[in-house]
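Scroll down for the structure; my scribbles are underneath it.
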Amino acid sequence: MHGKTTNETDPRMDFRFCKLLDLVATQRIRRSALWIVAILSVLPTNSQVQAADPMLLKLSPRWIDGSSFWYSKPTEKGRKEFVWVSPSEKKILRAASLEELGKLAGVSLLNRSATGRIEPSETLDEARIDIAIKNALLQPVELFWIDFQGVPKPYGTLAPGESRGQSTFAGHSWAASLDGKKPIWTGQATEKGQVLEIQAMEMQAESLFPRREARRRSQARAPRDSDANRQAENRWKVERSDYQIRFISQAGKTVLDTADLGDAQGTETNRYDQPIFWSTNQQFAFTLQIEQGDRREIVLVESSPKDQLQPKNKTIRYDKPGDKLDRPHPRLFDLESGKMIHLDPTLFENPWSIDQIRWDQDGNRLLFVYNQRGHQVIRLLAVDPRNGQVTSLIEEASPTYIDYAAKAYREWIQDDREILWGSERDGWYHLYRYSADDGELINQVTQGSWVVRSIDRIDQEKQQLWFYAGGIASNQDPYHRHYCRVDLDGQNLTQLTQGDGDHSVERSPDGQWLIDTYSRVDMPPVHELRSSSTGELIFELERSDPQGQWTESNKPIRFTAKGRDGTTDIYGLIVRPKVVEPGKKYPIIENIYAGPQDSFVPKTYSALSEYHDLADQGFVVVKIDGMGTSNRSKAFHDVSYRNLSDGGFPDRILWMQAAAKAYPELDLEKVGIYGGSAGGQNALAALLFFGEFYDAAVADCGCHDNRMDKVWWNELYMGWPVGPHYEANSNVTNAHRLQGNLQLVVGELDTNVDPASTMQVVDALVRADKDFELLYIPGGGHGVGSSPYCKRRRDAFFRRHLQ
183 MHGKTTNETD PRMDFRFCKL LDLVATQRIR RSALWIVAIL SVLPTNSQVQ
233 AADPMLLKLS PRWIDGSSFW YSKPTEKGRK EFVWVSPSEK KILRAASLEE
283 LGKLAGVSLL NRSATGRIEP SETLDEARID IAIKNALLQP VELFWIDFQG
333 VPKPYGTLAP GESRGQSTFA GHSWAASLDG KKPIWTGQAT EKGQVLEIQA
383 MEMQAESLFP RREARRRSQA RAPRDSDANR QAENRWKVER SDYQIRFISQ
433 AGKTVLDTAD LGDAQGTETN RYDQPIFWST NQQFAFTLQI EQGDRREIVL
483 VESSPKDQLQ PKNKTIRYDK PGDKLDRPHP RLFDLESGKM IHLDPTLFEN
533 PWSIDQIRWD QDGNRLLFVY NQRGHQVIRL LAVDPRNGQV TSLIEEASPT
583 YIDYAAKAYR EWIQDDREIL WGSERDGWYH LYRYSADDGE LINQVTQGSW
633 VVRSIDRIDQ EKQQLWFYAG GIASNQDPYH RHYCRVDLDG QNLTQLTQGD
683 GDHSVERSPD GQWLIDTYSR VDMPPVHELR SSSTGELIFE LERSDPQGQW
733 TESNKPIRFT AKGRDGTTDI YGLIVRPKVV EPGKKYPIIE NIYAGPQDSF
783 VPKTYSALSE YHDLADQGFV VVKIDGMGTS NRSKAFHDVS YRNLSDGGFP
833 DRILWMQAAA KAYPELDLEK VGIYGGSAGG QNALAALLFF GEFYDAAVAD
883 CGCHDNRMDK VWWNELYMGW PVGPHYEANS NVTNAHRLQG NLQLVVGELD
933 TNVDPASTMQ VVDALVRADK DFELLYIPGG GHGVGSSPYC KRRRDAFFRR
983 HLQ
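Count along the sequence shown from 1, then add 182; that gives the number in this note's numbering.
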């Protein structure tokens with residue numbers, strides 16, 4: 183039987199076990215059965231969750247063949263309705279049970295994965311059912327239960343002809359494999375007394391563990407020594423010792439030893455410990471020699487460990503802006519001549535990174551991507567192994583920053599003869615197609631006053647790209663993502679989704695149909711069926727009903743106002759109390775996170791429980807994306823360059839002033855702000871640089887001086903080398919400017935943002951004789967400000983100073 187109290191196969195655990203693990207992670211609860219049982223007793227079951235939230239936030243289709251499918255949905259009476267859809271016939275059938283639906287549709291739904299797709303389990307009924315699973319094959323099979331995330335869980339072996347009784351639930355999925363890796367059968371439990379017979383079937387899934395296989399394939403391009411040896415076993419062996427590499431012929435002769443390379447020999451601080459990349463004919467080998475940098479460490483003090491009285495020290499690696507970093511030195515070896523080939527470093531002399539290393543299919547060129555420290559230059563470089571000549575095939579340059587962490591898509595296509603390259607060079611994030619042979623631009627694939635948000639798939643046979651775009655629907659919120667298709671030559675751009683909201687699609691197995699789900703923060707999901715070729719609406723499948731979740735007053739309000747330039751629209755969200763009394767003013771609390779890596783105002787339907795909880799205490803809560811955040815134009819984004827203290831505040835203030843004109847109950851004389859991490863830096867900056875507008879701030883785990891924070895995030899947006907602009911943006915340097923009321927929050931074991939960053943603010947405030955509150959949380963990690971204790975203190979702080 184599966185489904186013991188703490189067994190993850192229990193359908194109750196789908197929701198509650200995740201909640202428990204969150205508690206374990208955030209509250210440092212010991213993983214004992216006593217705690218697990220105690221916590222589970224107060225958490226709702228899946229059926230209770232569905233009863234409380236029956237709005238079908240996600241439609242989960244179960245494909246019968248390449249295009250037809252069925253799904254279930256909760257009803258008002260807490261039961262389920264089953265729906266069968268045939269797109270080609272434009273037919274929808276509904277029934278109260280899966281068995282009845284199958285009869286109406288004239289198809290067997292006992293095995294919902296008739297196409298060989300492995301689907302996650304779904305509990306269709308809380309009552310247990312007893313079934314039998316029989317191995318009808320002549321070989322033993324390994325049996326797996328498929329959990330709610332689609333992950334296989336082993337359930338032992340079935341001998342040939344063996345039948346096993348199994349207690350399970352209707353809607354749960356099972357699979358079988360001969361080798362524990364590749365599935366040969368999958369089926370679904372539907373009713374009591376059912377016999378699931380394991381027979382060989384055609385499977386779409388090639389692996390029981392597709393994510394693991396994807397990781398394995400992605401890592402295959404950068405083999406470690408064992409893989410490298412297998413690739414080159416016909417010619418060379420590799421031995422490593424004392425930071426060196428030795429290449430040895432099959433006859434046992436050492437053809438090249440890095441210990442003999444003089445200045446390029448391996449040392450303790452300049453090691454050969456990276457993967458080896460072999461040319462096609464195995465004549466050439468390429469690797470990186472890593473010259474070690476400062477390798478800064480910070481020490482965290484755990485003042486109140488759970489297992490002893492005395493404090494503990496925890497030391498972690500933590501590079502900071504301006505540090506001397508590990509430096510990769512490209513090394514190319516000709517093993518036939520036994521020599522290292524010198525590479526002119528001019529085009530890669532100051533690397534932040536050298537990666538995406540590969541040989542072309544002919545083995546005539548080595549290719550890699552060079553990201554220059556400071557992130558203003560990125561190059562795709564080609565190396566001729568015969569003479570070591572280095573040429574730049576593609577170069578990206580910016581006077582501000584290249585957002586390599588989020589906007590540097592690169593994909594090799596057409597048998598590696600072409601490359602898709604993401605760039606903001608025309609002022610918007612788009613894709614460009616280059617020849618990989620000579621680096622010539624073939625064409626711009628996407629273009630317009632909108633941005634590519636993500637790539638879904640590339641159909642190289644049809645020469646088509648499928649992707650999500652933001653801002654492509656000119657009459658909608660530019661942060662709404664729409665699903666689109668374009669030919670790789672840049673022609674025939676087609677917006678396949680239309681509804682006013684943020685979209686997510688699922689393609690049918692045969693690729694002909696799209697299930698389009700879209701929602702907004704003020705509108706629960708709508709589910710539509712569309713043609714994948716034209717975007718034509720076939721029919722609306724479901725439209726969720728908020729069922730009285732909001733009053734007339736507290737329904738989330740999407741609000742837009744002009745920013746600091748008088749022309750750019752700034753988008754945000756307003757959440758008011760359940761009852762807004764006529765003529766009464768309500769203090770404003772802004773939840774802020776202005777990190778340049780993304781945009782942060784919610785765009786899809788969600789409960790917004792934290793905002794509603796605050797609003798119901800007598801506040802109006804707002805969330806705004808000011809200039810400097812991402813997913814708009816390059817100019818919009820660049821406001822943050824070397825300017826993180828700006829935080830988009832000029833736009834935020836104008837937005838709130840406009841909102842108060844539209845909704846007079848907003849009290850501009852009482853404005854609070856809170857945030858964590860970069861949002862903590864922003865919250866304190868509000869009182870330091872814009873204290874004439876903001877009255878109170880709660881700053882959790884803030885990176886208050888960007889010289890104190892992790893190197894990658896801060897050098898990306900603040901630049902390198904470290905200059906006076908770092909100090910000018912520092913909350914520590916500007917602590918003496920504090921106006922208003924401040925609560926600082928920090929966890930002593932924060933491994934993301936050095937806790938010393940907050941404590942240096944404390945020191946500066948003390949020296950400036952400023953009043954403030956400090957919550958120093960023993961054992962707390964990053965984001966401890968979201969813990970129940972800190973939330974209670976935050977809410978009380980705002981009530982005390984704003985009401």
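Each residue gets a CB set at the ideal place from its N, CA and C atoms; glycine is no exception.
Where residue i sits in the DSSP three-state scheme
| i | result |
| --- | --- |
| Ala-234 | Low confidence applies to Ala-234: its pLDDT is 40, below 50, so where it sits in the model is not reliable, and the reading given next is rough at best. Helix at Ala-234. |
| His-664 | strand |
| Val-943 | helix |
| Gln-626 | strand |
| Gly-777 | coil |
| Glu-281 | helix |
| Ile-355 | Strictly speaking, residue 355 in this sequence is Ser, with Ile absent from that position. If DSSP states are grouped into helix, strand and coil, Ser-355 belongs with the strands. |
| Tyr-908 | helix |
| Leu-924 | strand |
| His-918 | helix |
| Gly-369 | strand |
| Lys-744 | strand |
| Tyr-793 | helix |
| Arg-639 | strand |
| Phe-530 | helix |
| Val-966 | helix |
| Leu-239 | coil |
| Gly-857 | strand |
| Val-687 | strand |
| Glu-395 | Unreliable positioning characterises Glu-395 in this predicted model, as indicated by a pLDDT of 47, which lies under 50. The coordinate reading is nonetheless provided below. In the structure shown, Glu-395 sits in a helix (DSSP, three-state: H, G or I). |
| Leu-507 | coil |
Residue(s) in a DSSP beta bridge with residue i
| i | result |
| --- | --- |
| Met-705 | Arg-702 |
| Ser-345 | Lys-316 |
| Val-333 | Paired residue(s): none; Val-333 is not in a bridge. |
| Asn-452 | Thr-449, Glu-473 |
| Thr-350 | Ile-311 |
| Asp-751 | Lys-744 |
| Phe-515 | Ala-467, Met-522 |
| Pro-256 | Lys-262 |
| Glu-772 | Val-804, Ile-855 |
| Asn-495 | Val-483 |
| Trp-632 | DSSP, once it has assigned bridges, lists no residue as partnering Trp-632. |
Element boundaries [alpha helix (DSSP H), containing residue i]
| i | result |
| --- | --- |
| Trp-895 | 893 to 900 |
| His-983 | 970 to 984 |
| Gln-1004 | Coverage of the chain is limited to positions 183 through 985, which leaves residue 1004 absent and any answer about it impossible. |
| Ala-840 | 831 to 844 |
Element boundaries [beta strand (DSSP E), containing residue i]
| i | result |
| --- | --- |
| Asp-316 | The sequence as given places Lys at residue 316; Asp does not occur at that position. That run of the beta strand (DSSP E) goes 310 to 317. |
| Met-890 | Run containing Met-890: none; DSSP gives neither H nor E here. |
| Asp-807 | 802 to 807 |
| Ala-564 | 559 to 565 |
| Ala-618 | Element bounds for Ala-618: n/a, residue is neither H nor E. |
Proximity to residue i [Cα-Cα], best of the options
| i | options | result |
| --- | --- | --- |
| Tyr-665 | Gly-653, Asp-671, Ile-458, Ser-791 | Gly-653 |
| Leu-529 | Glu-578, Lys-496, His-662, Thr-372 | Glu-578 |
| Asp-945 | Asp-312, Asn-913, Asn-736, Gln-694 | Asn-913 |
| Asn-736 | Pro-342, Pro-759, Tyr-753, Thr-716 | Pro-759 |
| Lys-952 | Ala-917, Gly-962, Gly-967 | Ala-917 |
| Val-559 | Trp-902, Gly-808, Lys-744 | Trp-902 |
| Trp-266 | Lys-259, Gly-556, Ser-254, Gly-260 | Ser-254 |
| Asn-888 | Leu-850, Gln-942, Ala-868 | Gln-942 |
| Asp-704 | Ile-752, Asp-682, Ser-686, Ser-715 | Asp-682 |
| Phe-649 | Gln-642, Ser-656, Val-634, Tyr-611 | Val-634 |
CB-CB length for residue i against residue j, believed under 8 Å
| i | j | result |
| --- | --- | --- |
| Ala-776 | Gly-862 | About 11 Å separates the two Cβ atoms, so there is no contact after all. |
| His-511 | Glu-450 | His-511 to Glu-450, Cβ: 15 Å. No contact. |
| Val-483 | Glu-930 | 6 Å |
| Phe-875 | Val-853 | 6 Å |
| Leu-275 | Leu-291 | Contact doesn't hold; Cβ gap of about 11 Å is too wide. |
| Ser-574 | Glu-600 | That belief does not hold up - the Cβ atoms of Ser-574 and Glu-600 are roughly 17 Å apart, past 8 Å. |
| Leu-517 | Val-437 | 5 Å |
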